[in-house]
Amino acid sequence: KIAIARAYMRDAQLLILDEPTAALDARAEHEVFHRFVELTFDKCAILISHRFSTVRMADRIVVLHEGKLLEHGTHEELIDAGGQYSELFQMQASGYR
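Here you go:
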């Protein structure tokens, strides 16, 4: 949470956050990201995450594998495409069913 607060306080036009909610529970993660969306409204933010609950809130999603671009698009576009993102999303979602 401290690293996230520091990023907000700097008033930079570009924010890069790498797994910023990895140590948070689901409720805290949800609260942080709703605030994150408000605070980055007029900024460019790059968010690196393996959690699909986090990733799906992004305007654009980029899927990388071994440093190479596999796919990019919105959550809906990537699910509909049926590629790697869709497969991994379904695997993670099945753990909640």
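Numbering (our numbering), first residue to last: 5 to 101.
Where a beta carbon is used, it is the ideal one built from N, C-alpha and C, also for glycine.
Exercise. Exposed or buried, V41, counting other C-beta atoms within 10 Å across all chains shown (16 or more means buried)?
Worked result: exposed
Problem set entry | Which residues DSSP lists as bridging E75, in chain order | Answer is V67.
Problem set entry | Which residues DSSP lists as bridging D22, in chain order | I52
For this session: Going by CA-CA distance only, name the one from M61, E91, F93 and H54 that's closest to V36.
Result: Taking each of M61, E91, F93 and H54 in turn and checking the Cα distance to V36, the smallest one comes out for M61.
Exercise. Looking at E70 and Y89, is the spacing between their C-beta atoms short of 7 Å?
Worked result: no
Problem set entry | Reduced DSSP category for D29 - H, G, I as helix; E, B as strand; rest coil | coil
For this session: For I65, count neighbouring C-beta atoms within 10 Å of its own C-beta (all shown protein chains included) and say buried if the count is 16 or more, exposed if not.
Result: Counting Cβ neighbours within 10 Å, I65 comes out buried, since at least 16 surround it.
Exercise. What residue range is occupied by the uninterrupted alpha helix (DSSP H) comprising Y89?
Worked result: Start and end: Q88 to S98.
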